[in-house]
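Following: one structure in structure tokens, then a few remarks.
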Amino acid sequence: MASVIVTSGDSKGEYLPLGRRTNVIGRAESLPLQILDDMVSRKHLRIEFDQGTSTYYAEDLESRHGIFINKHKISGAIVLSEGDEILLGQTTLLFTDKDFDTQESALMHYNKRGEKSRVTHIE
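Start counting the sequence shown at 611; every next residue gets the next number (the working numbering).
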């Protein structure tokens, strides 16, 4: 299984277990992960699971401001990999191939990931 964790923006700390289904993320209240960001469309991003390849794909749903994965604007469906950063408006999501039981365990995973990427300063 896989998940996305909101790492910046008003919804920071939220997470969505993706399961083996198609998930839509955006500003609409009816979505499983609502992003409260004025630059996010009601239905902004689709993350789809391909059963045949066990792969997750991200696709822009013709949003006004687009989607950036690892700082590159996407067009069409793109394969997601562990640690990909997805930017919707001014909100960042982290894609992970891990599934979490609780919000606390998702945030612990994110915090541990951040520890690995810190630069060590030598004086």
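Where is the CB? At the ideal position from N, CA and C, for every residue including glycine.
> Is GLY636 near LYS653, with beta carbons less than 8 Å apart?
Replying inline: Going by beta carbons, GLY636 and LYS653 fall inside the 8 Å limit.
>> Between which residues of its own chain and GLU669 is the CB-CB distance below 6 Å, once the five residues before and five after are set aside?
In response: Exclusion of the five residues before and after GLU669 leaves ARG656 and ALA687 as the residues of its chain whose Cβ lies within less than 6 Å of its Cβ.
> Got a sec? Which residues, its chain only, sit under 8 Å from THR702 by beta carbon, not counting five neighbours each side?
Replying inline: Contacts found: VAL616, THR617, SER618, GLY619, GLU695 and ILE696.
>> If you follow the beta strand (DSSP E) that GLU658 is in, where does it begin and where does it stop?
In response: That run of the beta strand (DSSP E) goes 655-660.
> Do LEU704 and VAL614 have their CB atoms nearer than 8 Å?
Replying inline: With a cutoff of 8 Å on beta-carbon distance, LEU704 and VAL614 are scored as near each other.
>> Going by the DSSP bridge assignment, what does GLU672 pair with across the sheet?
In response: In DSSP, GLU672 forms no bridge with anything.
> What residues are listed by DSSP as bridge partners for GLN644?
Replying inline: In the DSSP output, where bridge partners are listed per residue, GLN644 has GLY636.
>> Excluding the 5 residues flanking LYS622 on each side, which residues of the same chain have their C-beta closer than 7 Å to its C-beta?
In response: For LYS622, where only same-chain residues beyond five positions count, the Cβ hits under 7 Å are VAL616.
> Roughly how many angstroms lie between the CA atoms of GLU685 and PRO627, to the nearest whole one?
Replying inline: Note on identity: in this sequence residue 685 is Ser, with Glu being the wrong assignment. A straight line joining the alpha-carbon of SER685 with that of PRO627 spans about 24 Å.
> At which residues does the beta strand (DSSP E) containing THR615 begin and terminate?
Replying inline: The question names Thr, but residue 615 in the sequence shown is Ile. Counting along the chain, the beta strand (DSSP E) containing ILE615 begins and ends at 613-618.
> Leaving out the 5 sequence neighbours to the left and right, which residues in its chain are closer than 7 Å to ASN680 when beta-carbon positions are compared?
Replying inline: So the list reads ASP694 and GLU695, once near-sequence residues are dropped.
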